[in-house]
Structures are given as structure tokens and as C-alpha cells.
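Chains as they are written, first to last, in the working numbering: chain A, 1 to 248; chain B, 249 to 569.
The C-beta atom is built at its ideal place from N, Cα and C for all residues, glycine as well.
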Ligand SMILES: Cc1cc2nc3c(=O)[nH]c(=O)nc-3n(C[C@H](O)[C@H](O)[C@H](O)COP(=O)(O)OP(=O)(O)OC[C@H]3O[C@@H](n4cnc5c(N)ncnc54)[C@H](O)[C@@H]3O)c2cc1C
Ligand SMILES: Nc1ncnc2c1ncn2[C@@H]1O[C@H](COP(=O)(O)O)[C@@H](O)[C@H]1O
């Protein structure tokens with residue numbers, strides 16, 4: 001089984017979000033970058049398939065050279081080969097288009113992306129890839145089992161889950177549940193050493209398939225002071241919520 | 249601008265509140281920029297109520313094969329109507345199912361697709377919209393390149409506005425292909441308000457000490473007709489199901505009212521609740537960071553405050569019925 005895991009390179013969840021160049025670009029200064037958490041769950045599930053079913057794992061990122069440490073981390077955790085499409089994507093469609101081209105040329109049985117990237121929160125890349133490659137798609141996937149070509153999976157729905165059967169080739173939008181947090185792996189020394197020897201292919205491109213352009217960013221207004229209510233005056237809280245906030 | 253909205257139904261066939269919200273949004277765009285509003289729904293039992301929200305043409309497909317959500321068939325049907333009605337804008341809600349089909353649909357229709365939209369499109373030469381990004385830590389202005397557009401509207405960012413019109417009703421039939429993914433079974437807690445649909449969310453953190461105390465959260469949610477939620481450690485500890493965990497790595501909440509009990513307010517938690525309108529915190533520690541993010545707060549012990557709050561709310565409900 002050949003697996004491709006899409007890796008988005010995102011600011012760590014504790015990062016302060018700031019913008020530069022006249023509020024048109026995300027300010028990377030001092031920011032720690034990590035594998036997008038949803039992708040990390042997917043990668044860990046892929047490694048499970050590697051260990052149990054002899055799968056091979058390629059990881060792919062559409063980005064500039066600064067994303068390579070993140071790809072190396074994926075190699076250190078257990079992926080076999082990394083691919084970087086050398087392009088600074090303007091939107092989710094560009095990412096989906098480049099990854100789809102790569103899939104069409106290299107053919108995979110299983111493609112794992114995340115439900116959403118925690119930076120731009122597009123929530124669109126896996127669905128676009130599925131339509132561009134005509135591959136079955138399960139979004140918000142929280143369980144994935146494969147035997148031969150048959151897939152048994154679950155997806156999160158509002159208020160519960162749906163159990164689905166499908167076939168390879170398949171793409172998923174993954175999230176926690178594929179594996180648990182305690183299953184995530186921290187790269188060890190041996191993994192890091194091996195990762196240095198693994199192949200990291202850079203694919204050049206001059207295309208710009210984007211269909212939307214990010215123009216500027218703005219941070220929310222700082223909030224006013226909290227209104228404190230004494231624990232002995234619960235009625236006052238209810239009154240404020242009803243009359244002032246109109247929330248009851 | 250010719251608009252098509254995908255008006256989603258719940259599992260009983262009733263249109264969801266989201267459907268009326270995007271209809272309200274569509275009506276405002278069409279009254280500013282001209283054009284009409286079309287709505288597509290599948291097996292909706294109350295399709296006519298879209299007339300109250302300004303929909304000119306209501307297209308309802310009554311088809312057993314479309315009873316269960318199926319991403320590839322749903323997106324094909326929406327694409328077909330979009331082309332037949334010569335539309336240039338599709339509006340989706342931000343529900344799980346709508347987002348599931350959004351990316352696929354944008355490829356099928358060759359459209360620019362923007363999610364988490366919180367503003368109306370601007371009148372610039374090239375249309376622009378504002379969206380939530382960085383998990384509610386920033387807003388982004390996006391320029392749209394194509395002349396076909398799909399916008400997924402962020403929940404509760406626009407609200408409901410009644411605009412009664414005389415609507416045309418159309419029934420339509422589609423050729424449905426066999427589902428590529430087969431739904432085997434659905435596990436769903438019935439009669440429970442979901443976080444995604446709730447106007448009020450009551451959420452508990454590690455300050456509640458253990459799962460045996462969750463009746464406090466559940467009873468408060470019940471009086472308010474709200475959903476229950478929790479912080480990440482609470483679901484990691486197995487006190488509550490993972491599906492209730494809100495935050496940057498969990499569910500986003502954009503309710504009208506969010507009540508956080510025994511939650512410290514870590515940056516990853518707040519990222520998930522920033523887009524809720526009114527936030528209330530109950531915490532013993534006045535230094536808890538949640539007090540900086542909340543609108544109203546009580547410094548106090550949840551085990552004393554919450555039972556009192558439940559009693560007083562019952563009195564309030566009784567008096568206001
Ligand atoms: C990569 C990453 C991602 C994360 N993603 C998320 C996420 O998506 N969502 C999330 O929630 N967290 C997330 N976290 C965890 C986050 O950093 C915090 O650890 C977590 O939110 C704390 O949960 P808590 O407030 O329930 O617990 P605590 O921080 O332990 O806070 C408990 C609070 O309860 C109060 N308290 C104690 N007793 C009482 C009482 N009797 N009455 C009232 N109050 C009381 C205390 O004063 C304290 O403020 C993430 C962390 C990381 C590293
Ligand atoms: N630049 C990128 N390179 C590779 N994969 C990406 C990139 N951006 C997004 N993805 C994948 O698409 C998923 C959803 O991203 P998004 O649609 O941006 O929310 C992520 O979890 C990744 O798996």
C-alpha cells in the first residue's frame with residue numbers, strides 16, 4: 001500500500017499571531033512551526049499501516065524552503081520520503097492542484113490530509129484533491145481500517161458518528177480519533193539520524209493556479225473589561241445576560 | 249448577481265437555522281446588487297418557510313435516494329442547478345456536511361471558494377470578502393479571482409432577517425448514481441443539542457474535579473436548552489467524549505452564549521470560543537486568563553455557584569414563560 005500524507009507547516013498553537021508588510025503577511029519572526037496537528041494524527045495512523053501492513057509513506061508539502069525542517073520531522077517520525085513543491089501557495093486551491101498533479105503522476109492507494117489547517121483554516125484542500133483526482137473522499141475521518149482494497153471508516157457528524165465503508169484509492173480529511181494523542185510519536189535520535197539520509201525531493205514549478213488572493217489581515221479589537229458579579233448576586237448575572245447582553 | 253443557496257435539512261427533514269441565515273445573507277446581497285435568490289433543498293418538509301427569508305425560487309427535490317447525506321451526489325445536484333439557473337454565487341453554511349462538499353463543489357463548478365466568511369462581498373472592482381482565520385485570532389480580507397464564487401458563511405456572523413417574498417416553487421428530479429461511500433450505521437445521541445447547532449453552550453474544565461460532577465454542567469445546559477462541552481484535558485482524561493472538546497484542536501463554538509466553568513482560559517481553548525458572542529466565566533481564581541476574554545464573570549466555587557445559578561434560572565424561566 002502506497003500512502004501519501006499531506007503536511008501543512010503551521011505556527012505552534014501557543015504562537016502570538018502578528019502581521020508584517022503593512023498587515024499583508026503573517027509575521028514568522030520568533031514563531032515556532034510544527035506539523036499541523038490534524039496531519040500529525042494522520043501521519044501517525046500511516047505509520048501504523050507501515051508497521052502492520054508494510055505500507056510505504058511519502059509526505060508532501062507545498063511551500064518554500066523554510067518548511068523543510070517540518071518535512072524532516074515527518075521523516076524522523078517514520079515517513080520514507082518527502083516531497084516539497086517549491087511554491088508559496090496563495091490559496092488552498094493552489095495546494096490542492098499541485099498535490100493532485102503529483103498524485104496523478106505517482107498514484108497512491110491512500111492519501112491522508114487534515115480536516116483543516118490550524119493557520120488559514122481553509123478546510124478545503126482534501127475535498128478539492130478528491131474532485132481533481134476523482135478519488136473517494138471521507139472528511140472529518142476519526143477511524144480508518146483497511147483490508148485489501150476495502151475501507152471501514154468513521155466520520156464525525158454533528159452529535160455523533162457515521163460508520164462508512166468505501167474502497168481504495170481514498171483520500172481522507174483526518175483529525176484526532178484516527179489515533180489518540182498518547183499514540184503520537186516524538187522523533188528519537190535514531191529517527192533523526194535516519195531522516196538525514198532519507199530522500200527529500202524538491203519539485204520546481206512556475207505555475208500559479210490560485211483562485212483567491214489574500215490581501216490583508218486585521219486583529220480583533222481588544223475586548224473591554226469583564227463585568228464581575230458577586231457569587232451572592234446570581235440574579236444580577238441573569239439580569240445582565242437577559243437585559244444587557246440579550247443572550248437569554 | 250444570481251445566487252443559489254444550499255438549504256440544509258436536519259435528519260428529520262426540517263430546514264436548519266443555518267439555511268435561514270444564509271438566505272437572509274443572500275437576500276441582502278441581491279437587494280444591493282440585483283439578481284434573485286434560488287434555494288436548493290433535498291426532501292425538506294418545510295421548504296415554504298424559505299419565503300419568509302427572501303428566497304425567490306425554492307427548488308425542492310423529493311427523492312428517497314437523497315435522504316441520506318452523500319457528498320458526491322449532493323455536490324453533483326448542486327452543480328447541476330447552479331449551471332441550469334445560470335448562477336454565479338453559491339452560498340453554503342459552515343456545517344460539517346456543507347464544508348464536506350464545499351471543496352469538491354468548487355472544483356466541479358470551477359469557482360473561487362472562500363470559507364469562514366463573516367462579511368458581505370465588497371463592491372471593489374474585484375470582489376472581496378472578510379473571513380475568520382488563524383482559528384479566530386485574526387480576520388483576513390480575500391480577493392476573489394474567478395467570476396463564479398462559493399462562500400461558506402460562518403455561523404451566527406450574520407443572524408436571521410425576515411424578508412417575506414412571494415416565491416416560486418419547483419420540484420426537480422436528479423439522476424442519482426450509486427454512492428461511492430456507503431453509510432453502514434449512524435451512532436448519534438438522540439435528543440441532545442449539538443455544539444454546532446446550539447445557541448447556548450455550557451462548558452466544563454478540569455476545575456470540576458471529575459466526571460461524577462458533570463450533572464452540574466448537564467443540568468445547567470438543560471435549563472438553558474443548550475449543549476454541553478469541555479476543555480481538552482477533560483476529554484483526554486476520558487471524563488467526557490472527545491466530540492465535546494472545544495478549542496484550537498477541537499471544535500469551534502460560535503454560539504450566542506458560552507459559559508465556561510472551571511476552565512482556566514488557555515490560548516488554545518480561547519481560540520475555539522473567540523467567535524462566541526457573549527462569554528461568561530465561573531472560576532475560583534481571579535487571575536485565571538479566562539477573565540480577560542470574558543464579558544461577565546463570577547469569582548467563585550463552581551460547586552456553590554452552579555447549583556444556585558440553576559435554581560435562579562428555573563425561577564427566571566418560570567417567570568418569563
Ligand atoms: C498543542 C496543544 C493544543 C491544545 N488544544 C487545546 C484545545 O483545543 N482546547 C483546550 O481546551 N485546550 C487545549 N490545549 C490545552 C490547554 O493548553 C490547557 O491545558 C487546557 O485548556 C486547560 O484546561 P482546563 O482549563 O480545563 O484545566 P486547568 O488549566 O487545569 O484549569 C482548571 C481551572 O479550574 C479552576 N478551578 C479549580 N477548582 C474550581 C472550582 N471548584 N470552581 C471553579 N473553578 C475551579 C482553576 O482555577 C483553573 O483555572 C492544547 C494544548 C496544546 C499543547
Ligand atoms: N501547503 C500545504 N502543503 C501540503 N499540504 C497542505 C498544505 N496546506 C494544506 N494542506 C493539507 O490540507 C489540509 C487542510 O488544509 P486547509 O484546507 O488549508 O484547511 C491540511 O491539514 C493538510 O493536510
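Note down, in chain order, each residue of its chain lying with its Cβ closer than 8 Å to the Cβ of residue i, except the 5 sequence neighbours on either side.
i	result
residue 497 of chain B	480, 516
residue 352 of chain B	319, 320, 323
residue 520 of chain B	383, 384, 494, 495, 496, 498, 499, 500, 501
residue 331 of chain B	357
residue 273 of chain B	339, 368, 401, 406
Would residue i pass as an interface residue toward chain B - the criterion being a Cβ-Cβ separation below 8 Å?
i	result
residue 132 of chain A	yes
residue 217 of chain A	yes
residue 214 of chain A	yes
residue 94 of chain A	no
residue 164 of chain A	yes
residue 158 of chain A	yes
residue 98 of chain A	no
residue 33 of chain A	no
residue 247 of chain A	yes
residue 136 of chain A	yes
residue 210 of chain A	yes
residue 223 of chain A	yes
residue 40 of chain A	no
Just grab the DSSP bridge partners of residue i for me.
i	result
residue 422 of chain B	Answer is none; residue 422 of chain B lacks a bridge partner.
residue 227 of chain A	B:544
residue 19 of chain A	A:26
residue 9 of chain A	A:35
residue 388 of chain B	A:217, B:379
residue 285 of chain B	B:251
residue 436 of chain B	A:160
residue 451 of chain B	B:477, B:508
residue 58 of chain A	A:4, A:81
residue 192 of chain B	As displayed, chain B neither begins before 249 nor continues past 569, which places residue 192 of chain B out of reach and without an answer.
Tell whether a beta-carbon distance below 8 Å holds between residue i and residue j.
i	j	result
residue 100 of chain A	residue 133 of chain A	yes
residue 125 of chain A	residue 201 of chain A	no
residue 130 of chain A	residue 150 of chain A	no
residue 249 of chain B	residue 302 of chain B	no
residue 193 of chain A	residue 109 of chain A	no
residue 422 of chain B	residue 328 of chain B	yes
residue 462 of chain B	residue 456 of chain B	yes
residue 525 of chain B	residue 505 of chain B	yes
residue 183 of chain A	residue 114 of chain A	no
Between residue i and the rest of its own chain, which residues show a CB-CB distance below 6 Å, the 5 nearest in sequence each way excluded?
i	result
residue 518 of chain B	541
residue 405 of chain B	366
residue 103 of chain A	133
residue 27 of chain A	18, 19, 20
residue 31 of chain A	11, 15
Distance cutoff 8 Å, beta carbons only. Does residue i sit that close to anything in chain A?
i	result
residue 376 of chain B	yes
residue 291 of chain B	no
residue 433 of chain B	yes
residue 305 of chain B	no
residue 319 of chain B	yes
residue 543 of chain B	yes
residue 254 of chain B	no
residue 392 of chain B	yes
residue 454 of chain B	no
residue 515 of chain B	yes
residue 385 of chain B	yes
residue 315 of chain B	no
residue 360 of chain B	yes
residue 363 of chain B	yes
residue 332 of chain B	no
residue 504 of chain B	yes
residue 410 of chain B	no
residue 444 of chain B	yes
Note down, in chain order, each residue of its chain lying with its Cβ closer than 7 Å to the Cβ of residue i, except the 5 sequence neighbours on either side.
i	result
residue 486 of chain B	none
residue 73 of chain A	35, 187
residue 553 of chain B	530, 546
residue 562 of chain B	471
residue 454 of chain B	479, 481, 482, 510
Handout entry: 3-residue-minimum beta strand (DSSP E) runs that sit fully inside the segment 493-534 of chain B, ordered along the chain
Key = 505-509, 526-531
Practice task
Please list the segments of the beta strand (DSSP E) lying wholly inside the segment 73-129 of chain A, counting only runs of 3 or more residues, in order along the chain.
Solution key: 81-86, 110-114
Handout entry: beta strand (DSSP E) runs contained entirely in the segment 121-187 of chain A, provided each spans 3 or more residues
Key = 136-147, 150-157, 160-167, 170-174
Practice task
Jot down the residue ranges of each uninterrupted beta strand (DSSP E) in the segment 302-365 of chain B, minimum 3 residues, whole runs only, in chain order.
Solution key: 305-309, 337-340, 360-365
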